[in-house]
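Asker: Offset between the sequence shown (1-based) and our numbering: plus 127. Can you read through this structure? Questions will come right after.
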Amino acid sequence: MPSGRDAPRIDRAPAENPVLPSLSPDALFTALAALGIDYRYGGRSPATGFDCSGLVAHVYRDAFGITIPAQTGAQSRLGKPIELPHIETGDLVFYNTLGQPNTHVGIYIGDNRFIHAPRTGAAVRIESMRSTYWKTRFNGARRLVF
128 MPSGRDAPRI DRAPAENPVL PSLSPDALFT ALAALGIDYR YGGRSPATGF
178 DCSGLVAHVY RDAFGITIPA QTGAQSRLGK PIELPHIETG DLVFYNTLGQ
228 PNTHVGIYIG DNRFIHAPRT GAAVRIESMR STYWKTRFNG ARRLVF
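Structure representation (structure tokens):
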């Protein structure tokens, strides 16, 4: 992980369990409550809309009291990498949607599905990781550990 000025900043409230191996019911509710909210580049709240990394940051802030960067590249350096067969609900999933790695992020919600804010003109939605589009663009998954 980068150090100094290039390191992603993580602020967190004290927590009893510093490891977040799976999405809690509260976090899942927070993520699902965002369904249908319009995409907005740089968006970080339900009131103004979300981009992909803003949605992820919102869920972790509201559900766990943890502030993570709202940039996909920075999020892709957090936690530890997880092999696809070991992915769990709450892990972050990263995709190459702009011709370079880790340009899109979503939250795995189980059953080979993830929730994300896809693009301008669309809204937060759930998609299958098994679709040809997402399967061919998958870059990896990470589990946030604090």
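For glycine and all other residues, C-beta sits at the position ideal for the given N, C-alpha and C.
#1: From residue 223 to residue 185, what distance separates their C-alpha atoms?
#2: Would you check if there are 3 or more beta carbon pairs closer than 8 angstroms linking the stretch 158–167 to the stretch 248–257?
#3: Hey, how far is the Cα of residue 195 from the Cα of residue 268?
#4: Please classify residue 188: does DSSP put it in a helix, a strand, or coil?
#5: I'd like to confirm the pairing. Which residues does DSSP put opposite residue 209 in its beta bridges?
#6: For residue 207 and residue 272, what's the separation of their Cα atoms in angstroms?
#7: In the DSSP output, what is residue 258 paired with across the bridge?
#8: Skipping 5 residues on each side, what residues in its chain have a beta carbon closer than 8 angstroms to that of residue 239?
#9: With DSSP as the reference, label residue 138 as helix, strand or coil.
#10: The beta strand (DSSP E) spanning residue 200 covers which residue range?
#11: What is the rounded straight-line gap between the Cα of residue 153 and the Cα of residue 190?
#12: Buried or exposed for residue 243, please, with buried defined as at least 16 other CB atoms from any protein chain shown within 10 angstroms of its CB.
Answerer: On the basis of the data shown:
#1: 22 angstroms
#2: yes
#3: 16 angstroms
#4: helix
#5: 268
#6: 7 angstroms
#7: DSSP lists no partner for residue 258.
#8: 255, 256, 257
#9: Its pLDDT being 45, under 50, residue 138 is placed unreliably in this model, and the coordinates cannot settle the point.
#10: Premise fails: residue 200 lies in the alpha helix (DSSP H), 199–202, not in any beta strand (DSSP E).
#11: 6 angstroms
#12: buried
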